[in-house]
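Chains as they are written, first to last, in the working numbering: chain W, 1 to 214; chain Z, 1 to 252; chain H, 1 to 231.
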C-alpha cells in the first residue's frame with residue numbers, strides 16, 4: 001500500500017493513550033495522551049532525565065510501555081503496520097565510522113528504499129557536505145556526522161519523523177537546515193516529533209507541545 | 001490473560017498474594033523435608049542391607065539419585081516458568097525461574113560430587129566421562145550460564161527475561177547433548193558404564209530412595225518459596241504492600 | 001508525498017552483506033587475529049606433548065578442531081558490538097525488513113570474515129600436527145559444517161548479551177554446552193576418517209543440525225535481540 005498521506009484527515013498518524021513507562025518499577029512518565037497528525041509538528045519538552053528519549057524509543061517500538069496503547073492510523077500499533085513509514089534519528093546516529101557518507105546512505109536506501117527523484121550526492125550537497133561524500137565518517141566532525149544522518153531523512157520515504165535532539169552538535173546554519181527540512185516535510189503532509197533541550201524556533205506555525213514533568 | 005486459567009491461579013500470580021501463600025506453606029515444607037530426609041537417611045544408611053556386589057559403597061545412591069532427579073526436575077520447572085515469563089510477562093514467573101536456577105545448580109553440583117565419589121570407589125578414578133555424568137556437567141554449565149546472564153543485567157526484569165530465553169534454549173539442548181555424549185561414549189569405550197546396578201532393587205532399598213526423592217522435593221519447595229519471597233520484597237520494594245509488611249515487622 | 005519503493009528482500013540482504021563485508025575488509029587487520037591465534041595454539045601442541053609423529057597424528061584432528069573453535073569464540077564477541085555502540089543495530093531493527101533475515105545475513109558475513117580464513121589455513125594447521133593426507137578432505141568438510149553451526153549458535157548468544165557489559169567468560173560459559181555436540185560429531189567423523197572407517201554418519205548429523213540451525217537460529221537471534229534490548 002503506497003504511503004499516501006491523503007487518507008482521511010480524521011485519523012491521526014500516531015495516537016497514544018495513557019502511556020506510562022516504569023524503570024525498575026519507578027515511574028518515568030505518564031500517563032500520557034496525545035495525537036500526531038499528518039502535516040503537524042510536535043515538540044516534546046522536558047528537563048534532562050524526564051524521559052524524552054525513553055518516550056521516543058517507545059514510539060519507535062524499541063521499548064514496550066508499562067501501560068497504555070499506541071495506535072497507528074487508527075489500528076493498534078504493530079511493527080508491520082508502521083514499518084517503512086517511520087524514520088528515527090536517535091542520539092546514536094546509526095552511522096558506521098569506517099564507511100563513507102555515501103556508503104552509509106546507500107546502505108540505508110538498500111533497507112528502506114528511496115524517495116523518488118532523490119539522489120545520495122544531491123542530498124549530501126543539500127546538507128552542506130558536498131565534497132565529503134567519500135571521506136570515512138570517522139574523520140568527520142560531530143556536526144558533520146549529524147548532517148549525514150539528516151541527509152538520510154531526505155532520502156528515505158517516511159510519513160513520520162521521530163527526531164531525538166536533532167539540533168545537538170549543530171551550528172546556526174545546521175539548526176536552520178533542520179528547521180528547513182522540518183518545514184518542507186510538514187508542508188508535504190508529513191508529521192514530525194522532535195525532542196529538544198532548548199527553545200525551538202520554528203517558522204511554519206506553532207507546534208504542538210508535550211511537556212514531560214520530572 | 002487466557003480465559004482457561006482458573007481464577008485462583010491468576011490471583012496467585014499477584015505478588016502480595018503469593019507472598020502470603022508461600023509464607024504459610026514454607027514452614028510445613030521445611031518440616032516435611034527434614035522429617036522425610038531423616039527417615040530416608042536412616043532407612044538407606046542403617047536399615048537397608050549391603051549390596052551383594054558393591055557392599056556398603058552403593059549407599060551413596062540415596063543422595064546421588066534424588067539429586068540427579070532434582071537437577072533435571074528443577075530445570076524443567078525453570079523452563080516452564082521461563083516460558084510463562086516470556087510469553088505472558090508475569091513477574092512472578094520471572095522470579096520463580098531465576099530463584100530455581102541456583103537451587104538446581106546446587107543439586108547438579110551434589111550429583112557430580114557424589115557421582116565422582118562413587119566412581120572413585122567403583123573404578124578407582126575420580127572422574128569418568130560416563131554419558132550421564134558428562135551430561136550433568138553440561139547441565140551445570142547451563143545453570144551457571146543462566147545465573148551469570150541474569151546477574152549481568154542492571155534491570156532485574158530484563159535480566160530475568162533474557163536468562164529465561166537462555167534457559168529455553170538450554171532445554172532444547174539437554175537431550176541433544178545427552179544423545180551426542182552417549183554416541184561419543186560408545187565410540188571411545190566398548191560398553192556404557194552404568195552407575196546404577198541392575199534395575200530390580202530390593203524393596204528395602206527402594207523405599208528410602210523414594211522417601212529421599214520426596215524429601216528433596218519439599219526442600220526445593222521450601223528453598224524456592226524462601227528465595228521467591230525475598231526477591232518479591234526487593235523487586236516490589238516501593239509498593240504499598242511491602243511497606244505494610246515492613247511496618248508490621250517493625251511494630252511487632 | 002513519499003513514494004515508497006520498498007526494496008525487495010534480496011536487495012536488502014545484499015545490502016547488509018555488502019556493508020558488513022566491506023567493514024570487515026576495512027578492518028582486515030582484525031581478520032588476521034583469529035588466524036594468528038590458531039597458528040600459535042597449534043604450534044604449542046608439539047611443544048607441550050613432544051614432537052613424536054604418532055602421538056601428534058592421533059590428536060591432530062581433534063586439536064585443529066578445538067583450536068578453530070576457540071579462535072572463532074574469540075571473534076564471536078565482536079559480531080554485534082560495534083553496531084550496538086553506534087546505533088546501527090537500532091536502525092536495523094527499525095528497518096522495514098524481517099529482522100531474522102537481516103540477522104542471518106550478519107551472521108553469514110561474520111562467518112565469511114572469521115571462519116573462512118580459518119578453514120583455509122586448516123590444512124596447514126593439520127599438517128603441522130602430521131594429519132594424514134587422506135583425512136584432510138574430511139577435516140575440511142567437518143569444519144565447513146561445524147563453523148557455520150558455531151556462528152549461528154554463537155550469534156543467538158551474542159544477541160542475548162547485547163545489552164550487558166559483556167565479559168568473554170560469560171559468553172564462553174554459555175556457548176560451551178551448545179558446542180559440545182558439534183565438537184563430538186565433528187571430531188568423531190575425523191577420528192573415523194583417520195582410522196579408515198566410514199565417517200559419513202556424524203557428518204550427516206552435522207549437516208542436518210546445520211540445516212535446522214540455518215532456519216531457526218536467525219529467528220532465535222532476532223527474538224533474543226528484542227528481549228535483550230527490551231522491546
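Yeah, the Cβ is synthetic: ideal placement off N, Cα and C, and Gly gets one too. None of these values were measured; they are calculated from a predicted model.
Extent of the continuous alpha helix (DSSP H) to which residue 114(Z) belongs: Taken as a continuous stretch (DSSP letters only), the alpha helix (DSSP H) holding residue 114(Z) covers 91-123.
Residue 114(H), DSSP secondary structure in three states: Three-state DSSP puts residue 114(H) in a helix.
Beta-carbon contacts of residue 233(H) that lie in its chain and below 8 Å, excluding the five residues immediately before and after: Residue 233(H) is absent from the structure shown; chain H starts at 1 and stops at 231.
Identity of the residue in 222(Z), 43(Z), 234(Z) and 127(Z) nearest residue 23(Z) by Cα: If we check each option's Cα against that of residue 23(Z), 222(Z) comes out closest.
Where the region 24-55 of chain H meets chain B: residues whose CB sits under 9 Å from a CB there: This model lacks chain B altogether, as its protein chains are W, Z and H.
Short-range partners of chain H found in the region 102-124 of chain W, where Cβ spacing is below 8 Å: For the region 102-124 of chain W, the set of residues with a beta-carbon nearer than 8 Å to any beta-carbon of chain H comprises 103, 106, 107, 108, 109, 110, 111, 112, 113, 114, 115 and 116, in chain order.
Three or more C-beta pairs below 8 Å linking the region 136-154 of chain W and the region 90-108 of chain W: The region 136-154 of chain W vs the region 90-108 of chain W: in contact.
Helix, strand or coil at residue 151(Z) according to DSSP, with G and I counted as helix: Looking at residue 151(Z) - three-state DSSP - the assignment turns out to be helix.
Nearest-angstrom beta carbon gap, residue 21(H) and residue 100(H) [assumed within contact, 8 Å]: Between residue 100(H) and residue 21(H) the beta-carbon gap is near 20 Å, outside 8 Å, which marks them as no contact.
Chain-ordered neighbours of residue 97(W) on chain H, where CB pairs are closer than 7 Å: By Cβ distance, chain H contributes 86.
Residue 165(H): contacting residues in chain Z (beta-carbon distance under 8 Å): Ordered by position in chain Z, the residues that pass the 8 Å Cβ test against residue 165(H) are 152.
Status (buried if at least 16 other CB within 10 Å, exposed otherwise) for residue 56(Z): That one is exposed.
Range of the contiguous beta strand (DSSP E) that encloses residue 71(W): Counting along the chain, the beta strand (DSSP E) containing residue 71(W) begins and ends at 67-72.
Burial state of residue 185(Z) (16 or more Cβ within 10 Å): Classification of residue 185(Z): buried, given that the 10 Å Cβ count is 16 or more.
Chain H within 8 Å of residue 141(W), Cβ atoms only: Not one chain H Cβ lies under 8 Å of residue 141(W).
6 Å CB neighbourhood of residue 120(Z) in its chain, flanking five on each side removed: Same-chain partners within the cutoff: 126.
Reduced DSSP category for residue 49(W) - H, G, I as helix; E, B as strand; rest coil: Note: residue 49(W) maps to coil in three-state DSSP.
Status (buried if at least 16 other CB within 10 Å, exposed otherwise) for residue 51(W): If you draw a 10 Å sphere on the C-beta of residue 51(W), you find 16 or more other C-beta atoms in it, and that means buried.
Nearest residue (CA-CA) to residue 119(W), options 132(W), 94(W), 79(W) and 152(W): Per the Cα distances, 152(W).
Nearest to residue 151(Z) (by Cα), restricted to the options 95(Z), 19(Z) and 38(Z): Across the set 95(Z), 19(Z) and 38(Z), the C-alpha of 95(Z) shows the shortest separation from the C-alpha of residue 151(Z).
Cβ of residue 193(Z) within 8 Å of any chain H Cβ: Because the pLDDT of residue 193(Z) is 45, which lies under 50, any placement of that residue in the model is unreliable, and the question is left without a value.
Length of the line joining the Cα atoms of residue 12(H) and residue 71(Z): When rounded, the distance between both Cα atoms is 45 Å.
Buried or exposed (CB count within 10 angstroms, at least 16 for buried), residue 80(W): Exposed: under 16 other Cβ atoms inside 10 Å.
Reduced DSSP secondary structure (H/G/I, E/B, other) of residue 93(W): Note: residue 93(W) maps to coil in three-state DSSP.
Min CB distance residue 207(W) to chain H below 8 Å: The beta carbon of residue 207(W) sits no closer than 8 Å to any beta carbon of chain H.
Per-residue burial, residue 190(Z) [other beta carbons within 10 Å of its own, 16 or more giving buried]: With a pLDDT of only 45 at residue 190(Z), under 50, the local geometry of the prediction cannot be trusted, and the value read off the model is given with reservation. That one is exposed.
Identified DSSP bridge partners for residue 177(W): None, per the DSSP bridge assignment.
Interface flag, residue 111(Z) vs chain H, CB-CB below 8 Å: Chain H has no Cβ within less than 8 Å of the Cβ of residue 111(Z).
Residue from 43(W), 189(W) and 65(W) with nearest C-alpha to residue 28(W): Of 43(W), 189(W) and 65(W), the residue nearest in Cα terms is 65(W).
Close Cβ partners of residue 168(H) (< 7 Å) along its chain, the five nearest in sequence each way excluded: Result list for residue 168(H): 77, in chain order.
Exposed unless 16 or more other CB atoms sit within 10 angstroms - verdict on residue 182(H): Residue 182(H) is buried by the Cβ-count criterion.
Minimum Cβ-Cβ distance from residue 60(W) to chain H less than 8 Å: The beta carbon of residue 60(W) sits closer than 8 Å to some beta carbon of chain H.
Extent of the continuous beta strand (DSSP E) to which residue 216(W) belongs: This structure leaves residue 216(W) out entirely; chain W is present only between 1 and 214.
Partner residues on chain H for residue 144(W), Cβ-Cβ distance less than 8 Å: Against chain H, the beta carbon of residue 144(W) has no neighbour under 8 Å; the closest one sits roughly 15 Å away.
Residues bridged to residue 35(W) [DSSP beta-bridge criterion]: In the DSSP output, where bridge partners are listed per residue, residue 35(W) has 15(W).
Min CB distance residue 88(W) to chain H below 8 Å: Taking 8 Å as the CB threshold, residue 88(W) lines the interface with chain H.
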